[in-house]
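A short worksheet on the structure shown next.
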Amino acid sequence: MSEVQRKWEGNALNCICSVYVPVKNPLKSAEWWQRNFGLEYAVPFNPAEAQVILKLSGGQWLHLVETEGEIDNQFPNKVGYPMFRFTFEVREIEHLYDHLKSNEVRVDDLADRDSCGINFVFYDLDGNKFDVNEVVHIHRTPEAVEKVKAHLFQHA
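With our numbering, the residue at position 7 of the sequence shown is 672, and numbering never jumps.
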């Protein structure tokens with residue numbers, strides 16, 4: 666049996682390597698992502714491609730693609746809640762949350778989702794909606810989890 670004829674076994678998908686985000690101005694958007702998240706260019710900017718490609722810390726690429734017309738990366742779930750397309754995994758969510766708030770980035774309320782971790786939603790310059798998550802109980806001691814929750818939810 667040739668390599669091409671070999672039957673797929675198990676899960677053939679390994680990870681998501683690239684995410685494409687519609688934006689009005691790729692360079693302005695890239696500066697925003699750099700300022701708020703520390704992302705760096707994955708490849709040099711090529712104006713002919715009308716996109717900026719930034720690299721996440723895990724190696725995945727975030728493509729900021731110039732788009733004309735209305736931008737809407739959301740969709741309603743069954744009960745009508747406008748969903749985001751994906752969730753970023755982070756560490757030290759409390760520092761990121763504080764950083765984004767101090768930079769006047771639009772963020773929604775924090776949510777403690779128990780075993781799923783702590784989440785919040787943020788929006789980029791073009792109104793694209795993104796979710797952020799840290800499963801704190803996996804990455805931290807119980808004492809550290811309580812300290813993070815006290816910091817994040819002290820005003821709730």
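Even for Gly, the Cβ is constructed at its ideal location relative to N, Cα and C.
Keep in mind it's a predicted model, so treat the numbers as computed, not measured.
- Roughly how many whole angstroms lie between the Cα atoms of ALA695 and ASN784? Here residue 695 corresponds to residue number 30 of the sequence shown, with the count starting at 1. Here residue 784 corresponds to residue number 119 of the sequence shown, with the count starting at 1. Approximately 23 Å between the Cα atoms of the pair.
- Alpha-carbon to alpha-carbon, GLU757 and ARG700: Your numbering for residue 700 matches position 35 in the sequence shown. Your numbering for residue 757 matches position 92 in the sequence shown. Going by the C-alpha atoms only, they are around 17 Å apart.
- Item | Endpoints, beta strand (DSSP E) assigned at TYR788 | Locating residue 788 in the sequence shown gives position 123, counting from the first residue. From DSSP, the beta strand (DSSP E) with TYR788 extends over 783 to 788.
- Message: Strictly by DSSP, which residues pair up with TYR729?
- Response: Looking up residue 729 in the sequence shown gives position 64. Inspection of the sequence shows that residue 729 is occupied by Leu rather than by Tyr. Per DSSP, VAL686 and VAL717.
- Assuming PHE740 contacts PHE795 (C-beta within less than 8 Å), just tell me the rounded distance between them. The residue labelled residue 740 in the question sits at position 75 within the sequence shown. The residue labelled residue 795 in the question sits at position 130 within the sequence shown. Wrong, their Cβ atoms sit about 14 Å apart, outside the cutoff.
- Message: Starting from VAL797, trace the beta strand (DSSP E) in both directions and tell me its first and last residue.
- Response: Position 132 of the sequence shown, counted from the first residue, corresponds to residue 797. It spans 794 to 799 - the beta strand (DSSP E) in which VAL797 sits, taken as one unbroken run.
- Task: For ILE718, count neighbouring Cβ atoms within 10 angstroms of its own Cβ and tell me buried if that reaches 16, exposed if not.
- Result: Here residue 718 refers to the residue found at position 53 of the sequence shown. So ILE718 ends up on the buried side.
- Message: Going by C-alpha to C-alpha distance, which of PRO709, VAL797 and VAL730 sits closest to HIS760?
- Response: Reading the sequence shown from its first residue, position 95 is the one you call residue 760. Checking every option, the nearest Cα to that of HIS760 belongs to VAL797.
- Query: Going by other Cβ atoms of all chains shown within 10 Å of its Cβ, with 16 needed for buried, is ASN738 buried or exposed?
  - Reply: Within the sequence shown, residue 738 is the residue found at index 73, counting from 1. Buried, by the Cβ-count rule.
- Task: Compute the Euclidean distance between the alpha carbons of GLU731 and LEU692, then round it to the nearest angstrom.
- Result: By one-based count along the sequence shown, residue 731 stands at place 66. By one-based count along the sequence shown, residue 692 stands at place 27. Using only the alpha carbons, I get a separation of about 9 Å.
- Message: Going by beta-carbon coordinates alone, are VAL810 and HIS804 separated by less than 7 Å?
- Response: Along the sequence shown, read from residue 1 onward, the residue named residue 810 stands at position 145. Along the sequence shown, read from residue 1 onward, the residue named residue 804 stands at position 139. For VAL810 and HIS804, no; Cβs fall outside 7 Å.
- Does DSSP classify PRO807 as helix, strand or coil? For the purposes of this step, residue 807 is taken as the residue at position 142 of the sequence shown. The answer is helix: DSSP assigns PRO807 an H, G or I state.
- Message: Among the candidates ASP779, GLU799 and SER780, whose CA atom is the shortest distance from the CA of VAL786?
- Response: Position 121 of the sequence shown, counting from 1, holds the residue named residue 786. Minimum Cα distance to VAL786 is reached at GLU799.
- Find out if the Cβ-Cβ distance for the pair ILE736, PRO687 is shorter than 7 Å. Here residue 736 is taken as the residue at index 71 of the sequence shown, counted from 1. Here residue 687 is taken as the residue at index 22 of the sequence shown, counted from 1. Yes, the pair counts as a contact, with Cβ atoms nearer than the cut-off.
- Message: Taking the alpha helix (DSSP H) that GLU759 belongs to, which residues open and close that run?
- Response: As a first step, residue 759 must be located in the sequence shown, where it is residue number 94. Per DSSP, GLU759 belongs to the alpha helix (DSSP H) from 758 to 767.
- Report all residues from its chain with a CB closer than 8 Å to the CB of LYS743; omit the five preceding and five following residues, and keep chain order. As a working mapping, residue 743 is identified with position 78 in the sequence shown. Closer than 8 Å at the Cβ level, and outside the excluded window around LYS743, lies no residue.
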